[in-house]
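One structure is given here, and the rest of the page talks about it.
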Amino acid sequence: MRDVLPGEIIVIGEDGLSSIKTHCGGRSSICIFEYIYFARPDSVIEGTSVHMARVQSGRILAETAAVDADIVIGVPDSGLDAALGYSQESGIPYGIGFIKNKYIGRSFIQPSQIQRDNSVKIKLNVIKETVAGKRVIMIDDSIVRGTTCARIVRLLREAGAKEVHVRISSPPFVHSCYFGTDIDSEDRLIAHNCRNTEEIADYIGADSLAYMPAPSLGQLLNKSGLGFCDGCFTGNYPVDVSHAVYKNKFDSKIHEN
Ligand code: SF4
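Numbering of the sequence shown is given in the numbering used here, commencing with residue 178 and proceeding in unit increments.
Here it is in structure tokens:
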């Protein structure tokens, strides 16, 4: 019927629906990573289509990080829409490079490194015919530790890709999230560990690497009037986090107690 407003409480009681808006009207900052990764592409959040936001991120990458190539492919799921946008903007053909095993969860949210490694091995199959002998642009939504991305680049090389240019539809993760997203502690984020883009490209085995520029994030959203949080990318959090603990630490504190 409509989106629940930030801070609003919807009560479903014997008398039907009622709304408590006492906490509404303050500054609101929606998580920008919802549009890049979390939300389903057919969602519309605060008037912005998630699919269109991702297509737009691909268009921005094509403008800001152009490279000569034969084909653009996306890493399922979130990278697919961005790859389409990159293809539309650059004129480089869009191809299906990966087929995903639908019965495996997202590697980003697997709790341990071993589980993440195993899930990458069995969750993506490369369509060799799409990439063999080609200069490939591969679009993914983010790089956290770099290990998953390195494995995916290796899969493309093994399938015969001549060049692999990685484009990421979010800026580098350099800070933790204090609001519940299961991003690792800062010291495990590859971009936080003083590595520049060329060093990260080397680590993941890519011929080149470029990220979505953080100042362009606002271009993903329609003008809904809501602000957005991009704290894990910029360090500018919507609230003071100087006394906060990020989620992993919070979890370990719970286990300690
Ligand atoms: S810090 Fe990052 S993941 Fe956390 S709410 Fe903000 S944008 Fe989303």
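Where a beta carbon is used, it is the ideal one built from N, C-alpha and C, also for glycine.
Evaluate M178 with the Cβ neighbour count: other Cβ atoms within 10 Å of its Cβ, from every protein chain shown; 16 or more gives buried, anything less gives exposed.
Taking the first residue of the sequence shown as 1, we reach residue 178 at position 1. Looking at its Cβ environment, which holds fewer than 16 other Cβ atoms inside 10 Å, M178 is exposed.
Whole angstroms is fine: what's the gap from H342's alpha carbon to L194's?
Working through the sequence shown from its first residue, we reach residue 342 at position 165. Working through the sequence shown from its first residue, we reach residue 194 at position 17. Distance between the alpha carbons of H342 and L194 is about 51 Å.
Pop quiz: T307 and G274 are said to be a contact at Cβ under 8 Å. What is the actual Cβ separation, rounded to whole angstroms?
In the sequence shown, counting from the first residue as 1, residue 307 sits at position 130. In the sequence shown, counting from the first residue as 1, residue 274 sits at position 97. 5 Å between Cβ atoms; contact.
In whole angstroms, what separates the C-alpha of Q169 from that of Y380?
Within the shown structure, residues of the chain are numbered from 178 to 434, placing residue 169 beyond reach of any answer.
Hey, quick one: how far does the beta strand (DSSP E) through H342 stretch, first residue to last?
Reading the sequence shown from its first residue, position 165 is the one you call residue 342. Run containing H342: 340 to 345, per the beta strand (DSSP E) assignment.
Start-to-end residues for the beta strand (DSSP E) that takes in Y388
In the sequence shown, the residue the question calls residue 388 occupies position 211. Per DSSP, Y388 is one residue of the beta strand (DSSP E) stretching across 385 to 388.
Please name the residue in E185, R236, S226 whose C-alpha comes closest to that of Y388.
Position 211 of the sequence shown, counted from the start, is the residue given in the question as residue 388. Closest by alpha carbon: R236.
Under 8 Å Cβ to Cβ from D180, same chain only, skipping five residues before and after it: list those, please.
Residue 180 sits at position 3 when you count from the first residue of the sequence shown. The residues are I222, E223.
Using a threshold of 6 Å, is the CB atom of I213 nearer than that to any non-hydrogen atom of the ligand SF4?
Against the sequence shown, residue 213 aligns to sequence position 36. No, the ligand SF4 has no heavy atom inside 6 Å of this Cβ.
Whose C-alpha, out of R344, L366, S205, is nearest the C-alpha of P390?
To locate residue 390, count along the sequence shown from 1; it is residue 213. Answer by Cα proximity: R344.
Tell me whether T241 counts as near the ligand SF4, meaning its Cβ is closer than 6 Å to at least one heavy atom of that ligand.
The residue labelled residue 241 in the question sits at position 64 within the sequence shown. No, the ligand SF4 has no heavy atom inside 6 Å of this Cβ.
Distance cut-off 6 Å: D417 Cβ against heavy atoms of the ligand SF4:
As a working note, residue 417 is residue 240 in the sequence shown. Answer for D417: no, Cβ out of range of the ligand SF4.
For D258, does the three-state DSSP call read helix, strand or coil?
Position 81 of the sequence shown, counted from the first residue, corresponds to residue 258. It is helical.
Identify, in the order they occur along the chain, each residue of the same chain with its Cβ nearer than 8 Å to the Cβ of A216, setting aside the five sequence neighbours on each side.
Counting from one through the sequence shown, the residue named residue 216 turns up at place 39. Contacts found: I222, V227.
Straight-line CA distance for F350 to I189?
Here residue 350 is taken as the residue at index 173 of the sequence shown, counted from 1. Here residue 189 is taken as the residue at index 12 of the sequence shown, counted from 1. Rounded to the nearest angstrom, the two C-alpha atoms are 39 Å apart.
For L462, which three-state DSSP category applies?
Residue 462 lies beyond the range of the chain shown here (178 to 434); nothing can be said about it.
In the structure shown, what three-state DSSP assignment does C201 receive?
Locating residue 201 in the sequence shown gives position 24, counting from the first residue. Reduced to three states, the DSSP call for C201 is coil.
Can you determine whether any heavy atom of the ligand SF4 sits closer than 6 Å to the C-beta of G408, and answer yes or no?
Working through the sequence shown from its first residue, we reach residue 408 at position 231. Yes, since a heavy atom of the ligand SF4 falls inside the 6 Å radius drawn around the Cβ of G408.
By how many angstroms is the C-alpha of G382 removed from the C-alpha of A327?
As a first step, residue 327 is located in the sequence shown; it is residue number 150 there, counting from the start. As a first step, residue 382 is located in the sequence shown; it is residue number 205 there, counting from the start. Approximately 6 Å, taken between the alpha carbons.
Given I320 as reference, the closest of R365, S206, I304 once Cα atoms are compared
Mapped onto the sequence shown, residue 320 falls at position 143. Ranking the options by Cα distance to I320, first place goes to R365.
Any heavy atom of the ligand SF4 inside 6 Å of the beta-carbon of T325?
In the sequence shown, residue 325 corresponds to position 148, counting from 1. No, the ligand SF4 has no heavy atom inside 6 Å of this Cβ.
Using a 10 Å radius around the Cβ and a threshold of 16 neighbouring Cβ atoms, would you call D417 buried or exposed?
Residue mapping note: residue 417 aligns to position 240 of the sequence shown, counting from 1. Label assigned to D417: exposed.
Going by C-alpha to C-alpha distance, which of Y214, I269, G203 sits closest to T358?
As a first step, residue 358 is located in the sequence shown; it is residue number 181 there, counting from the start. That would be Y214, whose Cα lies nearest to the Cα of T358.
Does the Cβ of F350 lie closer than 6 Å to at least one heavy atom of the ligand SF4?
Residue mapping note: residue 350 aligns to position 173 of the sequence shown, counting from 1. Flag unset: Cβ of F350 not near the ligand SF4.
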